[in-house]
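Chains as they are written, first to last, in the numbering used here: chain A, 49 to 231; chain B, 49 to 231. Everything on this sheet refers to the single structure shown next.
Number of protein chains: 2
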Amino acid sequence: MKRYEEKTMSTNEIYKGKVIDLQVDEVQLPNGKTSKRELVTHPGAVAVIALTEEGKLVLVEQYRKPLEKSILEIPAGKIEKNETPATTALRELEEETAYKADSVDYLISYYTSPGFADEIIYIYKANQIQLVVGADVGDEDEFVDVVEVDQKEAMQLITEERIHDAKTIQAIYYLLLHDWKTK
Amino acid sequence: MKRYEEKTMSTNEIYKGKVIDLQVDEVQLPNGKTSKRELVTHPGAVAVIALTEEGKLVLVEQYRKPLEKSILEIPAGKIEKNETPATTALRELEEETAYKADSVDYLISYYTSPGFADEIIYIYKANQIQLVVGADVGDEDEFVDVVEVDQKEAMQLITEERIHDAKTIQAIYYLLLHDWKTK
Numbered sequence: 049m050k051r052y053e054e055k056t057m058s059t060n061e062i063y064k065g066k067v068i069d070l071q072v073d074e075v076q077l078p079n080g081k082t083s084k085r086e087l088v089t090h091p092g093a094v095a096v097i098a099l100t101e102e103g104k105l106v107l108v109e110q111y112r113k114p115l116e117k118s119i120l121e122i123p124a125g126k127i128e129k130n131e132t133p134a135t136t137a138l139r140e141l142e143e144e145t146a147y148k149a150d151s152v153d154y155l156i157s158y159y160t161s162p163g164f165a166d167e168i169i170y171i172y173k174a175n176q177i178q179l180v181v182g183a184d185v186g187d188e189d190e191f192v193d194v195v196e197v198d199q200k201e202a203m204q205l206i207t208e209e210r211i212h213d214a215k216t217i218q219a220i221y222y223l224l225l226h227d228w229k230t231k
Numbered sequence: 049m050k051r052y053e054e055k056t057m058s059t060n061e062i063y064k065g066k067v068i069d070l071q072v073d074e075v076q077l078p079n080g081k082t083s084k085r086e087l088v089t090h091p092g093a094v095a096v097i098a099l100t101e102e103g104k105l106v107l108v109e110q111y112r113k114p115l116e117k118s119i120l121e122i123p124a125g126k127i128e129k130n131e132t133p134a135t136t137a138l139r140e141l142e143e144e145t146a147y148k149a150d151s152v153d154y155l156i157s158y159y160t161s162p163g164f165a166d167e168i169i170y171i172y173k174a175n176q177i178q179l180v181v182g183a184d185v186g187d188e189d190e191f192v193d194v195v196e197v198d199q200k201e202a203m204q205l206i207t208e209e210r211i212h213d214a215k216t217i218q219a220i221y222y223l224l225l226h227d228w229k230t231k
């Protein structure tokens with residue numbers, strides 16, 4: 049749908065980075081006036097809901113520089129060139145948690161911050177995960193710990209704001225609506 | 049928690065805007081190596097879950113320049129200077145939908161994109177909403193339509209990706225877990 053479309057009059061490229069780019073567009077509004085829009089572009093991301101055999105959700109603890117703190121999140125990462133989202137899901141799960149999935153099923157996708165960014169995140173559910181013996185987690189630029197939680201622990205961590213990001217809370221709500229029970 | 053803290057070695061301020069700022073920090077990783085982090089700062093936002101007397105969820109259709117399309121979202125907006133999140137919730141609900149709430153209850157907050165942005169969104173539930181007679185919606189920089197949906201319509205709109213952002217899907221999951229039923 050293009051209702052109330054804002055036509056681009058000019059684009060000012062501010063920054064091209066590793067993860068994001070920033071541009072500022074001058075746009076024409078539906079009433080003919082002009083305004084500025086600050087636009088972050090992002091390659092898109094994938095996140096994975098993975099339950100262990102015991103029904104625990106696999107989380108990673110990771111320092112998030114924008115927040116200046118560590119939070120617990122479902123495994124996730126940006127889509128690399130020439131990857132399909134499903135490939136990213138399998139890769140990120142194994143890199144961040146040392147769990148390998150037989151397969152992944154696509155569940156849903158959503159924009160994280162449609163006011164200023166085009167980042168979209170694809171959510172997958174991992175099927176039959178198994179620990180890869182001898183595998184390390186993280187990479188040279190990424191330091192993570194793996195934490196597995198049951199539903200009661202997950203709800204407590206939301207209350208404590210140790211789980212505090214959109215995709216992970218969404219994943220827990222999804223599980224409560226499906227496999228997990230609220231009580 | 050500061051586990052795996054990344055220490056700031058230097059900060060390069062790239063852009064200061066209306067809604068967001070961008071800086072690139074050089075950080076020291078836990079292994080002593082350095083890396084770059086692209087950091088978007090945002091004042092924070094508020095979104096409102098409002099049900100009409102008939103149990104319909106109040107949505108706004110709005111053109112989102114980063115996506116180059118219109119999507120349906122729960123009413124939301126950024127926190128202005130000297131506002132509490134609850135004040136923002138009441139203001140945005142009335143500005144975007146012409147509904148006034150008796151009061152709002154805080155439900156949950158979360159970071160939208162913790163990998164590159166510090167944007168946090170506070171979710172409120174509006175109590176006893178009433179249409180303000182003669183009110184216009186939107187402002188000189190904002191063009192919106194109000195759409196009210198029941199649970200079946202909401203699920204259909206998610207499938208069609210007309211509802212396609214984190215906070216709105218989260219709100220619908222929340223309602224399904226509470227007031228609304230899945231079937």
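Where is the CB? At the ideal position from N, CA and C, for every residue including glycine.
Near residue i, what residues of its chain come up, given a Cβ to Cβ distance below 6 Å and the 5 sequence neighbours on each side ignored?
i: GLU167/A; result: HIS90 and THR160
i: VAL180/A; result: ALA146 and LYS148
i: GLU134/A; result: Looking at the sequence shown, residue 134/A is not Glu but Ala. Here the set comprises VAL152.
i: GLN199/A; result: TRP228
i: ILE177/A; result: ALA98, TYR147 and ALA149
Determine the burial state of residue i: buried for a count of at least 16 other Cβ atoms within 10 Å of its Cβ, exposed for fewer.
i: SER151/B; result: exposed
i: ARG85/B; result: buried
i: HIS212/A; result: buried
i: ALA202/A; result: buried
i: LYS231/A; result: Confidence is the limiting factor: at LYS231/A the pLDDT is only 45, short of 50, which leaves the residue's position unreliable and the question unanswerable from this model.
i: LEU120/B; result: buried
i: LEU99/B; result: buried
i: GLU54/A; result: buried
Would you check if the distance between the CB atom of residue i and the CB atom of residue j is smaller than 9 Å?
i: VAL108/A; j: ASP193/A; result: yes
i: ILE122/B; j: THR216/B; result: yes
i: LYS104/A; j: VAL185/A; result: no
i: VAL88/B; j: LEU87/A; result: no
i: LYS50/B; j: LYS117/A; result: yes
i: TYR221/A; j: ILE62/B; result: no
i: VAL75/A; j: LYS113/B; result: yes
i: PRO78/A; j: TYR111/A; result: no
i: LEU141/B; j: ALA174/B; result: yes
i: ALA165/B; j: ALA165/A; result: yes
i: GLU101/A; j: GLY125/A; result: no
i: SER58/A; j: GLU209/B; result: no
i: GLU67/A; j: GLY163/B; result: Per the sequence shown, residue 67/A should be read as Val rather than Glu. Against a cut-off of 9 Å, the Cβ pair of GLY163/B and VAL67/A comes out as a contact.
i: ASP187/B; j: SER83/A; result: no
i: ILE206/B; j: ALA214/A; result: no
Whose Cβ in chain A lies nearer than 9 Å to the Cβ of residue i?
i: ASP184/B; result: What ASP184/B touches in chain A: nothing, since even the nearest Cβ is about 13 Å away.
i: LEU225/B; result: TYR221, LEU224, LEU225 and THR230
i: LYS50/B; result: TYR111, GLU116, LYS117 and SER118
Who are the neighbours of residue i on chain A, taking C-beta pairs under 8 Å?
i: VAL75/B; result: LYS113
i: ALA134/B; result: Result: empty, since nearest Cβ-Cβ is about 18 Å, beyond 8 Å.
i: ARG139/B; result: The premise fails here: ARG139/B is roughly 16 Å from chain A at the closest Cβ pair, so nothing lies under 8 Å.
i: VAL67/B; result: GLU86, GLY163 and PHE164
Note down, in chain order, each residue of its chain lying with its Cβ closer than 8 Å to the Cβ of residue i, except the 5 sequence neighbours on either side.
i: TYR172/B; result: VAL94, ALA95, VAL96, ILE97, PRO133, ALA134, ALA137, VAL152, ASP153, TYR154 and LEU155
i: HIS226/A; result: none
i: PHE191/A; result: GLN110 and TYR111
List the residues of chain B that residue i touches, going by C-beta distances under 9 Å, in chain order.
i: ASP205/A; result: Here the sequence assigns Leu to residue 205/A, which means Asp is not the residue at that position. Those do not exist, as LEU205/A stays about 11 Å from chain B at its closest Cβ, beyond 9 Å.
i: VAL194/A; result: The premise fails here: VAL194/A is roughly 13 Å from chain B at the closest Cβ pair, so nothing lies under 9 Å.
i: GLU128/A; result: Within 9 Å Cβ-Cβ: nothing; GLU128/A doesn't reach chain B, min ~14 Å.
i: TYR170/A; result: Correct list: empty, because the minimum Cβ distance to chain B is about 12 Å.
i: TYR63/A; result: ILE62, TYR63, LEU70, VAL72 and GLU86
In its own chain, which residues sit with a C-beta less than 7 Å from the C-beta of residue i, not counting the 5 before and 5 after it?
i: ILE127/B; result: PRO91, GLY92, ALA93, VAL94, PRO133 and THR136
i: ASN60/B; result: GLN71 and VAL72
i: LEU115/B; result: none
i: GLY65/A; result: none
i: ALA139/B; result: Reading off the sequence shown, one finds Arg at residue 139/B, where the question assumed Ala. For ARG139/B, where only same-chain residues beyond five positions count, there are no Cβ hits under 7 Å.
i: LYS81/B; result: none
So which residues on chain B does residue i lean against when the C-beta distance must stay under 8 Å?
i: ILE156/A; result: ILE206 and ILE217
Taking C-beta pairs closer than 7 Å, name the residues in chain A that residue i reaches, listed in chain order.
i: LEU105/B; result: Chain A residues near LEU105/B: none, gap ~16 Å exceeds 7 Å.
i: GLU167/B; result: SER161
i: PRO78/B; result: PHE191
i: ASP213/B; result: TYR158, TYR159 and PRO162
How would you list, in chain order, the residues of chain B whose beta-carbon sits under 7 Å from the beta-carbon of residue i?
i: ILE119/A; result: PRO162
i: GLU53/A; result: TYR111
i: SER83/A; result: ASP189
i: ALA146/A; result: In chain order: nothing, as chain B lies at least about 17 Å away.
Can you find a CB in chain D that lies within less than 9 Å of the CB of residue i?
i: THR89/B; result: The structure shown contains no chain D; the protein chains it does contain are A and B.
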